[in-house]
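Below: one structure, written as structure tokens.
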Amino acid sequence: MENVINGNMNADNPPNLSIKAVLGTLMANIDDEKKMRVIPLGLGDPTVFSCFTTTAIAEDAVLHALRSHSFNGYSPTVGLPQTRSAISEYLSMDLPYKLSPNDVYITSGCTQAIEVAISILAKPNANVLVPRPGFPMYNLYGALKNVEMRHFNLLPKNGWEIDLNAVDSLVDENTVAIVVINPGNPCGNVYSYEHLKKIAETAKKHKIVVIADEVYGHLVFGANPFVPMGVFGSMVPVLTLGSLSKRWLIPGWRLGWFVTTDPNGIFKNAKVVERLKKHFDVCCGPATFIQAAVPQILKQTNDVFFARTLGILKHSADLCVEMIKDISCLTCPTKPQGSMAMMAKLNVSLLKDINDDIDFCFKLAKEESVILLPALKKTK
Numbered sequence: 612m613e614n615v616i617n618g619n620m621n622a623d624n625p626p627n628l629s630i631k632a633v634l635g636t637l638m639a640n641i642d643d644e645k646k647m648r649v650i651p652l653g654l655g656d657p658t659v660f661s662c663f664t665t666t667a668i669a670e671d672a673v674l675h676a677l678r679s680h681s682f683n684g685y686s687p688t689v690g691l692p693q694t695r696s697a698i699s700e701y702l703s704m705d706l707p708y709k710l711s712p713n714d715v716y717i718t719s720g721c722t723q724a725i726e727v728a729i730s731i732l733a734k735p736n737a738n739v740l741v742p743r744p745g746f747p748m749y750n751l752y753g754a755l756k757n758v759e760m761r762h763f764n765l766l767p768k769n770g771w772e773i774d775l776n777a778v779d780s781l782v783d784e785n786t787v788a789i790v791v792i793n794p795g796n797p798c799g800n801v802y803s804y805e806h807l808k809k810i811a812e813t814a815k816k817h818k819i820v821v822i823a824d825e826v827y828g829h830l831v832f833g834a835n836p837f838v839p840m841g842v843f844g845s846m847v848p849v850l851t852l853g854s855l856s857k858r859w860l861i862p863g864w865r866l867g868w869f870v871t872t873d874p875n876g877i878f879k880n881a882k883v884v885e886r887l888k889k890h891f892d893v894c895c896g897p898a899t900f901i902q903a904a905v906p907q908i909l910k911q912t913n914d915v916f917f918a919r920t921l922g923i924l925k926h927s928a929d930l931c932v933e934m935i936k937d938i939s940c941l942t943c944p945t946k947p948q949g950s951m952a953m954m955a956k957l958n959v960s961l962l963k964d965i966n967d968d969i970d971f972c973f974k975l976a977k978e979e980s981v982i983l984l985p986a987l988k989k990t991k
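So the sequence shown is residues 612 to 991, counted in the numbering used here.
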């Protein structure tokens with residue numbers, strides 16, 4: 612037993628690259644003696660701010676499901692049938708074809724959907740292409756599943772578009788997928804139809820899957836509309852990841868989805884669907900009564916609620932970009948067009964006693980109680 616324990620402890624344990632871990636370290640650096648109000652700008656949790664509240668329709672739907680006493684038991688491991696059906700109908704509204712409820716798997720937030728995607732694609736020597744800057748959970752799950760993450764750059768001067776030439780150079784016979792985060796986190800970009808089509812063509816050329824992280828789907832307030840990657844599902848198989856968390860401002864409800872957006876049935880032929888079902892047999896999804904509320908939430912939420920959220924996000928983004936112009940050491944390469952995040956460039960040479968972006972964020976937390984996320988070096 613001692614050898615087993617020591618063996619596990621001495622294994623190549625993956626570093627904790629989660630945003631929450633970094634934020635926890637930054638929060639611990641705050642000087643409580645100053646008694647300054649903490650300004651938390653590092654976590655994509657809209658509920659931290661009182662201006663962001665979900666719709667009463669969502670609250671009533673949960674209350675109705677709970678008080679019905681019909682959803683106190685376990686749900687099927689892949690999710691309630693009515694929940695899968697409602698999500699398939701919701702996503703199909705933006706697609707040139709109809710999804711089946713069987714294409715939808717209910718997850719505990721989009722984070723679990725990421726874990727599922729990496730798990731079912733994992734095989735010896737496999738690698739996945741991920742964006743830089745990007746969402747660090749992909750690197751964490753890659754380390755946990757022993758899947759190599761290869762990073763391609765996003766191009767700030769081109770609206771954070773993917774450097775497709777770099778993608779071509781990274782692909783080899785062991786590449787299984789490319790991750791596309793749209794709307795972008797942490798860059799706030801929204802890709803055009805034309806750029807998404809080029810991504811799909813690149814994936815088709817290399818015969819790899821597209822993992823479409825669309826947790827911020829429809830949260831757009833710029834020139835480009837939101838175009839789901841699944842629009843190109845007939846060209847290349849797409850794994851669509853999403854949730855209610857951001858658009859409905861309810862991240863704590865942990866209602867997400869993993870969807871095989873694949874009208875040509877490639878995933879079925881490759882037995883990916885079979886692996887998915889087996890994987891979900893050992894997964895724990897969201898609370899059953901939360902799942903039961905989804906059909907009412909998706910069908911009855913009106914555009915006024917969404918428009919209010921987008922108005923606040925656009926105003927906040929515009930204000931932030933304008934204020935950054937007055938800070939000599941900061942620049943915003945591209946104005947945010949969607950999601951809840953943006954990237955700013957730090958000119959360390961204009962600052963005294965600051966080594967890098969990590970040092971800057973730690974000292975900002977300590978001196979001013981303002982929490983920003985550094986561009987984590989471990990994702991580069």
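Here a beta-carbon is modelled for each residue, glycine too, at the ideal position from N, C-alpha and C.
Ignoring anything shorter than 4 residues or poking outside the stretch 687-740, list the alpha helix (DSSP H) runs there in chain order.
-> 692-703 and 720-732
Does the distance from the CB of L710 to the CB of T872 come in under 8 Å?
-> Along the sequence shown, read from residue 1 onward, the residue named residue 710 stands at position 99. Along the sequence shown, read from residue 1 onward, the residue named residue 872 stands at position 261. At a Cβ-Cβ threshold of 8 Å, L710 and T872 count as neighbours.
So, T899 versus L691, is the Cβ gap smaller than 8 Å?
-> Indexing the sequence shown from 1 puts residue 899 at position 288. Indexing the sequence shown from 1 puts residue 691 at position 80. It is a contact, given that the beta carbons lie within the stated cut-off.
Excluding five sequence neighbours on each side, which residues of the same chain lie with their C-beta closer than 7 Å to the C-beta of S719?
-> The residue you call residue 719 lines up with position 108 of the sequence shown. Result list for S719: R865, G867, C895, G896 and P897, in chain order.
Entirely enclosed beta strand (DSSP E) segments - the stretch 757-820, minimum 3 residues | Secondary structure remark: continuous beta strand (DSSP E) runs of at least 3 residues inside the stretch 757-820, in chain order: 759-766 and 786-792.
Can you name the residues that DSSP bridges to G853?
-> In the sequence shown, residue 853 corresponds to position 242, counting from 1. The secondary-structure analysis by DSSP pairs G853 across a beta bridge with W868.
Residues in its own chain within less than 7 Å of V831 by CB, not counting five upstream and five downstream?
-> Position 220 of the sequence shown holds residue 831. Only P794, V801, F837, Q948 and G949 meet the Cβ criterion.
Residue nearest to M953 in terms of C-alpha spacing, selected from K925, F973, K977 and L962 | What you label residue 953 is simply residue 342 of the sequence shown in a count that begins at 1. For M953, the nearest C-alpha among the options comes from K925.
Range of the contiguous alpha helix (DSSP H) that encloses K631 = By 1-based counting over the sequence shown, the position of residue 631 is 20. It spans I630 to A639 - the alpha helix (DSSP H) in which K631 sits, taken as one unbroken run.
Nearest residue (CA-CA) to K882, options L732, P712 and V915 = If you number the sequence shown from 1, residue 882 lands on position 271. Taking only the C-alpha atoms, the option nearest K882 is L732.
Exposure label - H806; buried when at least 16 CB within 10 Å | As a first step, residue 806 must be located in the sequence shown, where it is residue number 195. When all chains shown are included, H806 counts as buried.
Give me the Cα-Cα distance between S854 and V758, rounded to the nearest whole angstrom.
-> Within the sequence shown, the letter at position 243 stands for residue 854. Within the sequence shown, the letter at position 147 stands for residue 758. Each residue's Cα considered, the two are about 24 Å apart.
Between K768 and the rest of its own chain, which residues show a CB-CB distance below 8 Å, the 5 nearest in sequence each way excluded?
-> As a first step, residue 768 is located in the sequence shown; it is residue number 157 there, counting from the start. Excluding sequence neighbours, K768 sits near P944 and T945.
So what's E613 in DSSP terms, helix, strand or just coil?
-> Your numbering for residue 613 matches position 2 in the sequence shown. Confidence at E613 is low in this model, with a pLDDT of 39, below 50, so its placement is unreliable and the value that follows should be read with caution. In the structure shown, E613 sits in a helix (DSSP, three-state: H, G or I).
From the DSSP output, which residues share a beta bridge with D643?
-> One-based indexing of the sequence shown puts residue 643 at position 32. According to DSSP, which records beta bridges pairwise, D643 is partnered with nothing at all.
Give the single residue among L957, K815 and G841 whose Cα lies nearest to the Cα of D824.
-> Position 213 of the sequence shown holds residue 824. The shortest Cα separation from D824 among L957, K815 and G841 belongs to G841.
Anyone know if the C-beta pair for A672 and A904 falls short of 8 Å?
-> As a position in the sequence shown, residue 672 is number 61, starting the count at 1. As a position in the sequence shown, residue 904 is number 293, starting the count at 1. Closer than 8 Å, so yes.
Please check the pair S980 and I630, which I expect to be a contact at CB under 8 Å, by giving their CB distance rounded to whole angstroms.
-> By one-based count along the sequence shown, residue 980 stands at place 369. By one-based count along the sequence shown, residue 630 stands at place 19. Contact doesn't hold; Cβ gap of about 19 Å is too wide.
Just tell me which of L961, E933, A928 and V932 has its CA closest to the CA of C940.
-> Against the sequence shown, residue 940 aligns to sequence position 329. Cα-wise, what sits closest to C940 is L961.
So, is A754 buried or exposed, given that buried needs 16 or more other C-beta atoms within 10 angstroms?
-> What you label residue 754 is simply residue 143 of the sequence shown in a count that begins at 1. Answer is buried; the Cβ neighbour count reaches 16.
To the nearest whole angstrom, what separates the beta carbons of A986 and D968, a pair I think is in contact under 8 Å?
-> Position 375 of the sequence shown, counted from the start, is the residue given in the question as residue 986. Position 357 of the sequence shown, counted from the start, is the residue given in the question as residue 968. Distance from A986 to D968 at the Cβ level is roughly 6 Å; contact confirmed, criterion being Cβ atoms closer than 8 Å.
At what residues does the alpha helix (DSSP H) containing M934 begin and finish?
-> If you number the sequence shown from 1, residue 934 lands on position 323. D914 to I935 is the extent of the alpha helix (DSSP H) around M934.
Mind checking whether D714 and S699 have CB atoms under 8 Å apart?
-> Counting from 1 along the sequence shown, the entry for residue 714 is found at position 103. Counting from 1 along the sequence shown, the entry for residue 699 is found at position 88. Their beta carbons are under 8 Å apart, which means D714 touches S699 by this criterion.
R648 - containing alpha helix (DSSP H), residue span = Against the sequence shown, residue 648 aligns to sequence position 37. Unbroken run through R648: none, as it is neither H nor E.
Status (buried if at least 16 other CB within 10 Å, exposed otherwise) for C662 | Here residue 662 is taken as the residue at index 51 of the sequence shown, counted from 1. So C662 counts as exposed.
Could you tell me if Q911 is buried or exposed, where buried requires 16 or more neighbouring beta carbons within 10 angstroms of its beta carbon?
-> For the purposes of this step, residue 911 is taken as the residue at position 300 of the sequence shown. Under this definition Q911 is an exposed residue.
Helix or strand or just coil, what does DSSP make of K963?
-> Residue 963 sits at position 352 when you count from the first residue of the sequence shown. DSSP places K963 in coil when its eight states are reduced to three.
Would you say the stretch 746-753 touches the stretch 772-788, given that touching needs at least three Cβ pairs under 8 Å?
-> no
For C742: DSSP bridge partner residues | In the sequence shown, the residue the question calls residue 742 occupies position 131. For clarity, residue 742 is Pro in the given sequence; the question names Cys instead. Answer is F763.
How long is the line joining the alpha carbons of A976 and L634, rounded to whole angstroms?
-> Numbered from 1 along the sequence shown, position 365 holds the residue referred to as residue 976. Numbered from 1 along the sequence shown, position 23 holds the residue referred to as residue 634. A976 and L634: Cα-Cα distance of roughly 10 Å.
Taking the continuous alpha helix (DSSP H) assigned at E825, which residues delimit it?
-> Against the sequence shown, residue 825 aligns to sequence position 214. Looking at the DSSP string, E825 is not in any alpha helix (DSSP H), and its letter there is neither H nor E.
Going by C-alpha distance, which of M638, L860, I901 and A728 is nearest S601?
-> Missing from the structure shown is residue 601; the chain here goes from 612 to 991 and no further.
Out of G863, I668 and I938, point me to the one whose CA is closest to P657's CA.
-> Counting from one through the sequence shown, the residue named residue 657 turns up at place 46. Out of G863, I668 and I938, G863 has the C-alpha closest to the C-alpha of P657.
If you check the beta carbons only, do L930 and Y701 fall under 8 Å apart?
-> In the sequence shown, counting from the first residue as 1, residue 930 sits at position 319. In the sequence shown, counting from the first residue as 1, residue 701 sits at position 90. No, the Cβ-Cβ distance between L930 and Y701 is not below 8 Å.
Quick one: Cα of D774 to Cα of Y685, how far?
-> In the sequence shown, residue 774 corresponds to position 163, counting from 1. In the sequence shown, residue 685 corresponds to position 74, counting from 1. Computed Cα separation, rounded: 45 Å.
Distance, Cα to Cα, I792 vs R743?
-> Stepping through the sequence shown from its first residue, residue 792 is reached at position 181. Stepping through the sequence shown from its first residue, residue 743 is reached at position 132. When rounded, the distance between both Cα atoms is 11 Å.
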